[in-house]
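**Q** Input: one structure, supplied below.
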Amino acid sequence: MTPQEYLQEILKNQTLLENSDELKALREERKKVEELLSVSFQKSNPTIRYGGSMAKGTMIRENYDLDIICYFNNGDDLAGKTLEEIYNNVKKILETKYRVVTKTSALRLENKDPKQFGVYFHIDVTPGRYTDDKKNDAFLYQNSGKEKRLKTNLQIHIDLVKDSGLIDTIKLTKLWKIRNGLAIKTFALELLVIEALKKMNDAKGVDVCLKKLWEQLGGNIDNIKIEDPANPTGNDLSELFNSTTKSALSSSAQRALASIEKEDWVNIFGEVDSGDKASKIQAINVISRSSNSPKPWNSRA
Amino acid sequence: MKRWHIITPNLYQDVEQSINKAYPSLHTYIEDEIVYIRGNLVLWALDNREIDHYAIEIQLPDNYPVGVPIVREVGGRIPKNSDRHFSKVGTTEEAACLFLPDERFKYWPLGATIIKFIEGPVKSFFLWQTDYDLNNGKSTFGQRGHGINGIIEFYSEEIGTNDKGVIIRFLEYLVKNEVKGHWLCYCGSGEKMRNCHFDKLKELRAKILTDDALKSLVFLRK
Chain A
1 MTPQEYLQEI LKNQTLLENS DELKALREER KKVEELLSVS FQKSNPTIRY GGSMAKGTMI
61 RENYDLDIIC YFNNGDDLAG KTLEEIYNNV KKILETKYRV VTKTSALRLE NKDPKQFGVY
121 FHIDVTPGRY TDDKKNDAFL YQNSGKEKRL KTNLQIHIDL VKDSGLIDTI KLTKLWKIRN
181 GLAIKTFALE LLVIEALKKM NDAKGVDVCL KKLWEQLGGN IDNIKIEDPA NPTGNDLSEL
241 FNSTTKSALS SSAQRALASI EKEDWVNIFG EVDSGDKASK IQAINVISRS SNSPKPWNSR
301 A
Chain B
302 MKRWHIITPN LYQDVEQSIN KAYPSLHTYI EDEIVYIRGN LVLWALDNRE IDHYAIEIQL
362 PDNYPVGVPI VREVGGRIPK NSDRHFSKVG TTEEAACLFL PDERFKYWPL GATIIKFIEG
422 PVKSFFLWQT DYDLNNGKST FGQRGHGING IIEFYSEEIG TNDKGVIIRF LEYLVKNEVK
482 GHWLCYCGSG EKMRNCHFDK LKELRAKILT DDALKSLVFL RK
């Protein structure tokens with residue numbers, strides 16, 4: 001199998017098919033979330049739509065979140081006068097049905113069932129308010145960092161990724177990020193791929209694109225600058241792309257390049273078929289028999 | 302109070318370098334003066350096939366390397382409940398209960414490295430989780446009973462009885478600053494300890510940390 005063929009197989013495995021259980025479950029839950037918000041904020045009639053990887057076409061099975069934006073009209077104070085109030089009021093409504101974990105601007109939904117405590121639904125809701133009647137730019141509340149308000153434009157983000165010609169490279173880079181435990185935000189990673197691979201696209205071969213990307217990250221990372229296309233001068237991304245993140249990206253990229261040198265792509269993305277259930281159980285049995293494994297305990301009776 | 306990584310920078314450097322070398326997909330961070338190891342933990346079969354992987358976080362405690370690190374699954378994949386051996390740390394966080402603290406000497410004795418911790422208890426815990434999912438709620442690794450039952454199980458394996466009263470007497474001796482051979486044996490035989498089970502007591506006093514034994518004693522007396 002050539003690198004290109006291998007990577008296409010990996011991409012195929014990472015694609016969530018339209019009729020997959022995961023997507024069906026996400027869509028069903030999305031309906032419930034949308035209904036809950038629409039009914040609760042009926043008078044405001046907020047815009048509720050997909051954002052994130054679902055809208056950009058970069059969703060991967062390995063780690064998929066459904067991002068839903070809930071933007072209120074400019075001048076509408078019913079959901080809250082300030083962005084913070086909107087954020088907290090949306091949270092309050094979602095808490096009637098879900099356990100809500102606050103993120104910087106988004107609200108992550110988890111199952112309320114105690115037996116499922118800590119399991120993600122893979123749904124994040126981001127409340128905000130349009131900056132004007134054109135409904136393009138929006139302000140989001142930020143509950144951490146220096147700035148409490150972030151100006152953004154969902155469509156600009158979606159278009160940038162969709163028009164980049166690098167969808168497959170971005171998907172594989174997201175998988176590489178997860179497999180390497182890299183702490184960079186997906187949004188920043190997408191910008192990084194697009195910036196580092198100017199004048200390139202998937203048609204040149206995803207293996208070629210990835211190699212070029214890793215060469216840039218491994219040897220030239222300090223010269224790569226990323227900026228938020230929705231607000232280039234206003235949103236400071238330096239914290240998303242700080243020296244710790246750069247160092248981890250750079251060393252992981254160098255390791256990936258070393259693997260490519262040995263024609264060992266499997267070391268980067270894993271086996272195409274990682275084995276069936278029976279073979280995994282057997283492998284675990286072998287380990288449990290051959291090692292002095294601790295038995296987990298729990299202080300709760 | 303100065304944190305361990307400031308007091309012993311060489312130890313911190315050793316942790317960071319050994320993690321980089323042994324686990325390139327795990328990374329060391331310092332946040333609010335607390336050391337975390339975060340990233341992707343891959344579970345390999347003995348024939349080097351990948352079995353599974355988890356997004357994890359290991360928090361090194363203020364009294365590291367004496368204190369046992371706190372381990373969390375941060376990928377939102379495992380339900381954080383007692384059946385899956387997670388319990389509350391502080392107010393909201395859920396941490397993995399890797400083993401009964403009293404039997405730490407078997408799996409991560411004092412002086413063992415962070416790599417040994419990940420290779421042993423951490424990997425075993427997550428293999429247990431994968432096994433549990435694949436086997437519909439059972440695991441070939443076995444598990445300690447919850448709460449007091451797990452404590453009794455462990456001590457009955459060590460001293461040969463599951464009599465709660467005997468185990469409590471044993472633990473009372475175990476946590477004392479000093480024990481004497483002429484004291485009556487904890488087993489209830491009426492013999493002096495030096496003529497009965499003194500060796501076992503001395504052996505476990507050398508292995509089990511007093512704080513851990515004391516916590517179990519309090520648990521059993523409840």
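As they're listed, the protein sequences go chains A and B.
The letter at position 118 of the first sequence is residue 118 when you use the working numbering, and the numbering goes up by one with no holes.
The letter at position 150 of the second sequence is residue 451 when you use the working numbering, and the numbering goes up by one with no holes.
Ideal Cβ placement from N, Cα and C applies to all residues, glycine included.
#1: Using a Cβ cut-off of 7 angstroms, pull out every chain B residue sitting near isoleucine 284/A, in sequence order please.
#2: Less than 8 angstroms between the C-beta atoms of isoleucine 194/A and leucine 240/A, yes or no?
#3: Quick one: Cα of isoleucine 268/A to Cα of aspartate 65/A, how far?
#4: Let me check one thing: in DSSP terms, what residues is alanine 528/B bridge-paired to?
#5: With a threshold of 8 angstroms on Cβ separation, who are the neighbours of lysine 501/B within its own chain once the five nearest residues in sequence on each side are excluded?
#6: What three-state label does DSSP hand leucine 237/A in the structure shown?
#7: For my contact list, alanine 230/A and isoleucine 170/A are in at a C-beta cut-off of 8 angstroms; report their separation, rounded to the angstrom.
#8: For a minimum of 3 consecutive residues, which ranges assigned as the beta strand (DSSP E) are wholly contained in the stretch 20–89 of chain A?
#9: Spell out the partners DSSP gives histidine 122/A in its beta bridges.
#10: Would you please verify whether the beta carbon of cysteine 265/B is less than 8 angstroms from any beta carbon of chain A?
#11: Using a Cβ cut-off of 8 angstroms (strictly closer), state whether arginine 445/B contacts chain A.
#12: Can you pull the chain B residues whose beta carbon is under 9 angstroms from the beta carbon of alanine 183/A, in chain order?
#13: Please confirm if alanine 346/B has its CB atom under 8 angstroms from at least one CB of chain A.
#14: Can you give me the start and stop residues for the beta strand (DSSP E) that glutamate 95/A sits inside?
#15: Look at the alpha carbon of lysine 211/A and the alpha carbon of serine 326/B, and state the distance between them as a whole number of angstroms.
#16: According to DSSP, is glutamate 110/A helix, strand or coil?
#17: Please list the segments of the alpha helix (DSSP H) lying wholly inside the stretch 166–248 of chain A, counting only runs of 4 or more residues, in order along the chain.
#18: Quick check on DSSP: helix, strand or coil for proline 127/A?
#19: Over what stretch of residues does the alpha helix (DSSP H) that includes lysine 501/B continue unbroken?
#20: Residues of chain A with CB closer than 8 angstroms to the CB of glutamate 473/B, please, in chain order.
#21: Which of the residues in the stretch 108–119 of chain A, read from start to end, lie with their CB under 7 angstroms from any CB of chain B?
#22: Alpha carbons only, please: which of Ala507/B, Gly451/B, Trp345/B is nearest the one belonging to asparagine 529/B?
#23: Taking the alpha carbon of tyrosine 408/B as the reference point, which residue from Phe520/B, Arg522/B, Ile509/B, Ala514/B has its own alpha carbon closest?
#24: Going by DSSP in three states, arginine 304/B sits in which element: helix, strand or coil?
#25: Let me confirm a value: arginine 179/A is counted as buried when at least 16 other C-beta atoms fall within 10 Å, else exposed. Which label applies?
**A** So, from the data block:
#1: By Cβ distance, chain B contributes Ile352, Leu428, Thr431, Asp432, Thr441.
#2: Contact flag unset, no.
#3: About 23 angstroms.
#4: A question about residue 528/B goes unanswered here, because the residues of chain B that appear run from 302 up to 523.
#5: Taken in chain order, the residues that qualify are Glu459, Ile460.
#6: In the structure shown, leucine 237/A falls within a coil segment according to DSSP collapsed to helix, strand and coil.
#7: Rounded, the Cβ-Cβ distance is 18 angstroms, inconsistent with contact.
#8: Within the stretch 20–89 of chain A, the complete beta strand (DSSP E) runs of at least 3 residues are 47–51, 66–72.
#9: Bridge partners of histidine 122/A: none, in fact.
#10: With chain B covering 302 to 523 only, the question about residue 265/B has no answer from this structure.
#11: Closer than 8 angstroms to some Cβ of chain A, the Cβ of arginine 445/B qualifies, so yes.
#12: Ordered by position in chain B, the residues that pass the 9 angstroms Cβ test against alanine 183/A are His328, Tyr330, Arg339, Gly340.
#13: A Cβ of chain A is located within less than 8 angstroms of the beta carbon of alanine 346/B.
#14: Glutamate 95/A -> no beta strand (DSSP E), and no H or E assigned at all.
#15: For lysine 211/A and serine 326/B, the distance between alpha carbons rounds to 19 angstroms.
#16: Glutamate 110/A falls in the strand class under three-state DSSP.
#17: If we require 4 residues or more, the alpha helix (DSSP H) runs fully inside the stretch 166–248 of chain A come out as 167–179, 186–196, 206–220.
#18: DSSP places proline 127/A in the strand class (E or B) of the three-state scheme.
#19: Lysine 501/B -> alpha helix (DSSP H) spans 499–508.
#20: Chain A residues near glutamate 473/B: none, gap ~21 angstroms exceeds 8 angstroms.
#21: Residues passing the 7 angstroms Cβ filter: Pro114, Lys115, Gln116, Phe117, Gly118, Val119.
#22: Absent from the structure is residue 529/B, since the part of chain B shown begins at 302 and ends at 523.
#23: With distances taken between Cα atoms, tyrosine 408/B lies closest to Ile509/B.
#24: If DSSP states are grouped into helix, strand and coil, arginine 304/B belongs with coil.
#25: Burial call: buried.
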